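A short worksheet on the structure shown next.
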Amino acid sequence: MNEAPRRDRGPRDPASPLVGANIVVAVTGGIAAYKAAELVRLLDKAGAHVEVAMTARAQKFIGAMTFQALTRRPVFTDLFSLTEEAEIGHIQVADRADLVIVAPATANAISRLAAGRANDAVSAIVLATRAPVLLAPSMNVNMWNHPLTASNVRKLVDVARYRVVGPGDGFLACRWTGPGRLAEPADIVEAAAHVLSPQDLTGTRIVVTAGPTYEPIDPVRFVGNRSSGKMGVAIAAAAQRRGATVTLILGPSALTPPVGVATMSVENTAQLQWALADATKDADVVVMTAAVADYRPAKEEKQKLKRGDLGPKATVDLVANPDLLAELGKKRGTKKTPLLVGFAAETDDVIGNAQKKLATKKCDLVVANNVAEAGAGFAVDTNHVTLVDTSGAEDVPTGTKYTVAHRILDRVVAIRKAASQPTGRRGKPATSGKPKGRPRPS
Ligand code: CTP
């Protein structure tokens, strides 16, 4: 995505880019204007400071009072209001905005914005702001498909550097079916979060492995583990939001991969190994979150084993799986190897064991967690990890897996930055940008 000119207000936490952000929702006159109320509510709930501007036509579909109640702030409706404009309000709103979202953006509004008009509260704020502008179009399908609308949108994207979310495809209020529906409010919020997130992984190709492996015994049985894939999927989503090109290699998991992330689904270690060999060819970073089985059954039965087949006392012979992370580590120095991040699922001496894995698997970073701790490890939505590298151990407090994912990526960014500096040493960041916590007792 292209960057719009923007005043520097200091870095936003990529884990919660909407918190404290000044967002103007500019509502124009289409039937989907009522959905802007839900958008405002979601942005407010996410911690943004929301102000609303409306055209006169938008007020025919939804009252300004609704937005005033949702935002607890005055709504901008009139460029010539003696009260709203006592201190040139539309310029103040435009100036303090971190983001302006035009939702719905009707064909008429898009045309006026593309012409650089500034004859109402919405167009004046959009033209005056230096913040990024996100358009959420909504109109009849034929209006959307019209070459003039297409050319106006292209102009707004190419010349003004505006971003566009949607429109969605479906049954429209005008009874036509096709593209023209306002994007879902939740998707507009996600697009807003994306625009406001630091894009410090742009141009970085990241491979993330996630989930368990199921090592087959026969067509219906397997040897597996309790990994849900949540941590790895959170890392993939977080990296994508920060601008990385992400490939997710996902073991058997009930999770839906994040939208826009190229996903390779695998079942067992052998498939994971093939997928990894392919995906890591030109990767800059590999994050091995997957709980790869250390052993697999020596033999995979082609037919289902029947109860009597194994007798009263059965054993399953296991053979060791290759250590995929260690294999990547072994390639170190022979050619340009990606930055390697391993995980260490431990139940005792967490930091000691993680340090051993850091050395034996030749990683740049090991993310250690005590899987026996409540609120950490497998299947839960939170995690508590320690980042272990050659510079020491940093405690990352318990948080959602998505927040923890960003703290891991903060460190990846810091290591890459240190490595790219002439005196920087691979694997030892100058600073992670966060104060070092005390090592967590295991
Ligand atoms: N790993 C791997 N291949 C394996 C086993 C593990 O690539 N066959 C990777 C995991 O993805 C993880 C790291 O190695 O990033 C550590 O995995 P973990 O299960 O904690 O450790 P193991 O190496 O299996 O050692 P142990 O089970 O003895 O702790």
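Using the numbering used here, the first residue of the sequence shown is number 6, and each one after it goes up by one.
Think of the CB as a built atom: it goes at the ideal place given N, C-alpha and C, for glycine as much as any other residue.
What you are looking at is a predicted structure, and each value in this text was computed from that prediction instead of being measured.
Alpha helix (DSSP H) segment containing residue i, residue limits
i, result
"Pro152", "Pro152 to Asp163"
"Ile130", "Ala126 to Ala133"
"Met70", "Ala69 to Thr76"
"Ser116", "Ala112 to Ala119"
"Glu332", "Leu329 to Lys335"
"Pro402", "Taken as a continuous stretch (DSSP letters only), Pro402 belongs to no alpha helix (DSSP H), being part of the beta strand (DSSP E) at Gly397 to Thr405."
"Arg246", "Lys235 to Arg246"
"Arg46", "Lys40 to Lys50"
"Ala197", "Pro190 to Leu201"
"Ala280", "Thr274 to Ala284"
"Ile96", "Gly94 to Arg101"
"Ala63", "Ala63 to Phe66"
CA-to-CA distance, residue j to residue i, given in whole angstroms
i, j, result
"Ala196", "Glu305", "46 Å"
"Glu56", "Arg78", "7 Å"
"Pro142", "Thr268", "29 Å"
"His151", "Thr111", "13 Å"
"Arg122", "Phe81", "17 Å"
"Gly94", "Arg135", "16 Å"
"Gly397", "Ala126", "54 Å"
"Asp328", "Leu345", "14 Å"
"His411", "Arg231", "23 Å"
"Met144", "Gly171", "11 Å"
"Leu118", "Leu132", "8 Å"
"Val355", "Pro263", "30 Å"
"Leu253", "Val238", "8 Å"
"Asp394", "Asn157", "51 Å"
"Ala188", "Ala325", "49 Å"
"Asp386", "Leu363", "26 Å"
"Asp49", "Thr76", "7 Å"
"Ala42", "Tyr407", "27 Å"
"Lys309", "Leu323", "18 Å"
"Arg286", "Thr403", "In the sequence as displayed, the identity of residue 286 is Lys instead of Arg. Going from the Cα of Lys286 to the Cα of Thr403 covers about 34 Å."
"Trp149", "Pro184", "7 Å"
"Ala331", "Asp18", "33 Å"
"Pro203", "Arg312", "57 Å"
"Thr209", "Gln245", "10 Å"
"Val290", "Thr342", "9 Å"
"Gly432", "Val376", "Residue confidence is low: Gly432 scores 45 on pLDDT, short of 50, so the model does not pin down where it sits. Its coordinate-derived value is still stated next. Distance between the alpha carbons of Gly432 and Val376 is about 25 Å."
"Ile420", "Phe176", "49 Å"
"Gly380", "Thr405", "9 Å"
"Ala20", "His199", "11 Å"
"Val45", "Ala53", "9 Å"
"Ala114", "Gly34", "8 Å"
"Ala303", "Asn358", "28 Å"
"Gly382", "Arg416", "20 Å"
"Val321", "Val225", "15 Å"
"Gly229", "Pro317", "23 Å"
Start-to-end residues for the beta strand (DSSP E) that takes in residue i
i, result
"Val355", "No beta strand (DSSP E) contains Val355, which is instead part of the alpha helix (DSSP H) from Val355 to Thr365."
"Tyr300", "Tyr300 to Pro302"
"Ser56", "The question names Ser, but residue 56 in the sequence shown is Glu. That run of the beta strand (DSSP E) goes His54 to Met59."
"Arg186", "Thr182 to Arg186"
"Ala350", "Leu344 to Glu351"
"Asn253", "It is Leu, not Asn, that sits at residue 253 in the sequence shown. Note, Leu253: beta strand (DSSP E), Thr250 to Leu255."
"Glu176", "The sequence as given places Phe at residue 176; Glu does not occur at that position. Counting along the chain, the beta strand (DSSP E) containing Phe176 begins and ends at Gly173 to Phe176."
"Thr339", "Taken as a continuous stretch (DSSP letters only), Thr339 belongs to no beta strand (DSSP E), as it is neither H nor E."
"Leu139", "Val138 to Pro142"
"Ser232", "Segment: none, Ser232 is in no beta strand (DSSP E) and carries neither H nor E."
Pick from the options that is closest to residue i, judged by C-alpha positions
i, options, result
"Ala242", "Phe85, Thr261, Asp353 and Leu187", "Thr261"
"Leu161", "Ala120, Gly171, Ala178 and Ala303", "Ala120"
"Val371", "Ser258, Ile413, Thr342 and Phe383", "Ile413"
"Ala58", "Ser86, Gly52, Ala51 and Lys50", "Ser86"
"Ile211", "Val200, Arg159, Ala178 and Ala288", "Ala288"
"Lys366", "Pro190, Val228 and Arg337", "Arg337"
"Phe227", "Pro217, Arg101 and Met236", "Pro217"
"Arg168", "Ala191, Ala108, Asp353 and Trp181", "Ala108"
"Ser233", "Ala373, Asp174 and Thr214", "Thr214"
"Gly334", "Val30, Arg62, Asp369 and Lys361", "Asp369"
"Glu258", "Thr250, Ser270 and Ala249", "Rather than Glu, the amino acid found at residue 258 in this sequence is Ser. Considering only alpha carbons, the answer is Ser270."
"Ala31", "Ala51, Val24, Pro16 and Ile67", "Ile67"
"Pro190", "Asn147, Ala38, Lys422 and Ala319", "Ala38"
"Ser116", "Val105, Ser128 and Ile106", "Ser128"
"Ala373", "Arg247, Val390 and Ala384", "Val390"
"Gln278", "Pro22, Ala350 and Met293", "Met293"
"Leu84", "Ile130, Gln73, Ala63 and Ala51", "Ile130"
"Asp103", "Asp283, Arg166, Leu201 and Asp163", "Leu201"
"Leu47", "Ala69, Gly256, Ala61 and Leu23", "Leu23"
Closer than 7 Å to chain D by CB, residue i
i, result
"Val138", "No chain D is present in this structure, which holds just one protein chain."
What is the chain-ordered set of residues for which the beta carbon lies under 7 Å from any non-hydrogen atom of the ligand CTP?
Per the Cβ criterion, the list is Thr214, Thr274, Met293, Thr294, Ala295, Ala296, Val297, Ala298, Asp299, Asn326, Pro327, Asp328, Leu329, Leu330, Ala331, Gly347, Phe348, Ala349, Ala350, Glu351, Asn358, Lys362 and Lys366.
Counting pairs of Cβ atoms below 8 Å between the segment 297-304 and the segment 269-278, do you hit three or more?
The segment 297-304, when compared against the segment 269-278, does touch it at the 8 Å Cβ threshold.
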